[in-house]
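Before any comments, here is the structure.
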Amino acid sequence: MCAEEHPGPDNSRTSEAGAGWTCQKPGTFHDLLPERVADFSWRRPRVLWRSRNDVLARLFGDPSNAIRRRCVAALRERGTPAAFTVHRSEPEFSFALLGDTGEGDRSQYAVVPALLNAATGTDFMIIASDVIYPAGDADEYPDKFFRPYRDYPAPIYAIPGNHDWYDGLRGFLHVFCDLDVDCSPPPWRGPLSFLPRLLWRAPGEVDAAALAEVRRRYRGAPGQQAVQPGPYWAIDTPSLRIIGVDTGITGSLDRDQGRWLREVSAGPKPKLLVTGKPLYVDDEHRPGEIEGGGTVDEIVQDPAHNYVAAIGGDIHNYQRYPVTTEDGRTIQYIVSGGGGAFMHATHTIPRTRLVEEDQFRCYPLRGDSLSRYSKLYGRWLRLPKLFELTPEEATAAVQHRLGIRPGRGYTGPKPSFRARFIAALLGVPRGGRHRPRFLRAPVHKLPQRFRSELADWDHPPFFKSFLRVDVTESHLRIRCHAATGCGDHEAAPPCEDEVTIKLR
């Protein structure tokens with residue numbers, strides 16, 4: 264929970280109003296929107312077709328490692344130091360972190376006022392995964408990156424997500440690394456290699472002059488400028504080393520990046536990992552493969568490397584797992600992907616086994632997630648009386664199926680048969696077990712290109728989130744703030760979770 268010395272307004276754990284179910288005034292984010300808001304929808308075949316490289320990478324092999332090696336070689340030929348490290352001299356500093364931002368619609372802009380207020384005084388910002396949807400094209404950066412964050416006064420660093428890779432990382436490298444290079448085509452081999460070569464989406468064109476003008480107009484102040492070393496990097500300070508890794512399309516690191524990660528992880532200085540794919544998520548351990556052997560989490564859990572936390576994007580909600588290692592240390596594994604895109608359900612997360620349930624945190628709460636999805640399905644299927652559950656009904660159904668304590672102190676009666684049926688249909692597990700997929704609606708386990716169309720909306724509560732991280736010589740404090748889209752919560756965004764970690 265959040266520290267009592269910074270209680271702020273009610274949050275989702277204390278009241279329905281704190282969750283954004285009842286807004287007293289509209290959000291000011293409407294004033295930030297362009298005159299014509301991009302009508303982004305995953306239901307459109309054109310959007311799915313632009314994202315086809317995800318399917319091709321999973322069917323025929325992910326070419327990200329080979330492409331990344333070419334891009335990194337181009338950066339080093341330009342003179343970028345091999346360490347890929349940004350050095351900062353301040354032992355005490357703060358930064359904001361949010362993941363999976365770039366849909367360019369109301370759900371992205373709804374985060375901005377709360378972010379700017381909660382991130383006041385931070386020294387930089389990090390975007391962890393999927394800067395631009397659907398395919399990372401350079402020509403979408405004006406409305407999905409430069410314009411939304413024009414009033415953030417400090418530099419912004421980023422690590423690419425799978426969607427940023429669908430144009431071969433060309434747009435990302437131009438905007439964040441000042442490198443315009445086409446590292447394609449992917450190097451497939453074999454009798455069927457003509458298929459991915461034929462279908463693979465080629466990188467989009469880069470209009471350098473247009474992007475330079477947009478940067479000057481929206482983020483042209485000297486304090487906003489930064490050129491990061493590459494798609495993976497380290498930010499080294501006297502008290503903490505922040506290391507960002509590029510996980511490509513399917514979540515792996517090439518052997519060169521793996522070697523670099525081991526090198527920058529060496530030594531006793533406390534470290535924080537930022538990764539495009541979380542290592543612990545949805546009560547599953549996904550250690551992250553490294554080409555040639557080993558995993559990212561082996562490096563994180565090695566006591567000689569002194570990692571204290573690992574934060575990943577890709578999944579569009581907030582989760583925190585305090586994992587105890589074999590040598591008795593606690594590493595905080597965090598998912599922070601609620602920065603602007605559609606919401607991934609939390610009610611499908613089973614009662615946790617990787618950590619004790621009372622130590623696990625998520626946002627939105629499982630009951631709020633179920634209530635939100637029930638309303639979406641009720642509208643989508645035009646059966647609101649059957650599907651729609653109030654937050655209290657949904658919370659009771661989640662409690663009944665998972666056997667966990669109810670949120671917000673609800674003390675209502677046992678959930679109705681209808682509520683229990685909808686909870687089962689929409690994927691709430693029984694205890695720690697998932698039901699067979701054919702008995703559940705496509706909420707979470709089906710691929711994103713099918714489920715996401717049912718998980719997007721443009722009015723509060725948005726259930727978006729971001730982190731504020733404060734670092735001193737002795738402590739690291741991570742706070743998760745909600746962005747509901749309600750005007751009530753913009754000046755002082757609700758604090759949904761907080762953890763303080765000793766560094767010395």
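If you number the sequence shown the way this note's numbering does, the last residue is 767 and the count never jumps. Backbone N, C-alpha and C fix where the C-beta goes; we use that ideal spot for every residue, glycine too.
Grouping DSSP H, G and I as helix and E and B as strand, with all else coil, what is Leu-644?
-> helix
Under 8 angstroms, do Gly-511 and Arg-331 count as touching if we go by C-beta distance?
-> yes
Excluding sequence positions up to five away, which residues of its chain have a Cβ less than 8 angstroms from the Cβ of Asp-325?
-> Gly-511, Ile-512, Thr-513 and Ser-515
Assuming Gly-290 and Ala-373 form a contact by the criterion Cβ under 8 angstroms, report the distance between their Cβ atoms to the nearest whole angstrom.
-> 6 angstroms
Reducing DSSP to helix, strand and coil, say where Tyr-796 ends up.
-> Residue 796 lies beyond the residue range present for the chain, which begins at 264 and ends at 767; the question has no answer from this structure.
Are the beta-carbon atoms of Arg-592 and Arg-624 separated by less than 8 angstroms?
-> no
Are the CB atoms of Val-349 and Gln-491 nearer to each other than 8 angstroms?
-> yes
Per DSSP, the bridge partner or partners of Asp-414 | Asp-414 pairs with nothing; no bridge assigned.
Where Lys-407 falls, given that 16 or more other Cβ within 10 Å makes a residue buried = buried
Please state whether DSSP places Tyr-673 in a helix, a strand or coil.
-> coil
Span separating the alpha-carbon of Glu-268 from that of Arg-742 = At Glu-268 the pLDDT is 42, less than 50, meaning the model places this residue with poor confidence; the figure from the coordinates comes in the next sentence. Approximately 13 angstroms between the Cα atoms of the pair.
What three-state label does DSSP hand Ser-515 in the structure shown?
-> coil
Express the C-alpha separation of Met-606 and Arg-714 in angstroms, rounding to a whole number.
-> Summary for Arg-714: the model assigns pLDDT 46, below 50, so the residue's position carries little reliability, and this model does not support an answer.
Is it the case that the Cβ atoms of Val-394 and Gly-365 are separated by a distance below 8 angstroms?
-> yes
Applying the criterion that 16 or more other CB atoms from any shown protein chain within 10 Å of the CB defines a buried residue, is Lys-648 buried or exposed?
-> exposed
Mark Asp-294 as exposed unless 16 or more other C-beta atoms lie within 10 angstroms of its C-beta, in which case mark it buried.
-> exposed
Along the alpha helix (DSSP H) that carries Ser-327, what are the first and last residues, could you check?
-> 327–341
For the candidate residues Phe-725, Pro-501, Asp-402 and Glu-526, whose alpha-carbon lies nearest to that of Cys-286?
-> Phe-725
Compare the C-alpha of Arg-693 against each of Gly-675, Gly-342 and Pro-613 and name the closest.
-> Pro-613
If you drop the 5 nearest sequence neighbours on each side, which residues of the same chain put their C-beta closer than 7 angstroms to that of Tyr-481?
-> Phe-409, Arg-410 and Arg-413
Using the Cα positions of Arg-642 and Ser-679, report the straight-line distance between them to the nearest angstrom.
-> 21 angstroms
Ordered list of beta strand (DSSP E) runs contained in the stretch 722–754, each at least 3 residues = 727–734 and 738–746
The stretch 516–524 / the stretch 467–483 touching (three or more Cβ pairs under 8 angstroms) = no
For the beta strand (DSSP E) that contains His-350, what are its first and last residues?
-> 348–350
For Asp-546, I'd like the list of residues in its chain whose CB is within less than 7 angstroms of its CB, leaving aside the five on either flank, ordered along the chain.
-> Ile-612, Pro-613, Thr-615, Arg-616 and Leu-617
Figure out for me which residue from Thr-558, Leu-652, Arg-629 and Ser-634 has the closest Cα to the Cα of Arg-668.
-> Arg-629
Minimum C-alpha distance to Phe-347 - residue among Asp-509, Gly-602 and Ala-573 = Asp-509
Within the same chain, show all residues whose beta-carbon is closer than 6 angstroms to that of Ala-682, passing over the 5 residues directly before and after it, in chain order.
-> Leu-652, Glu-656 and Ala-660
Below 8 angstroms CB to CB, which residues in the same chain sit around Lys-534 once its five sequence neighbours on both sides are set aside?
-> Leu-503, Arg-504, Ile-505, Ile-506, Ser-528, His-568, Asn-569, Tyr-570 and Val-571
Give the secondary structure of Glu-759 by DSSP, where H, G and I count as helix, E and B as strand, and everything else as coil.
-> strand
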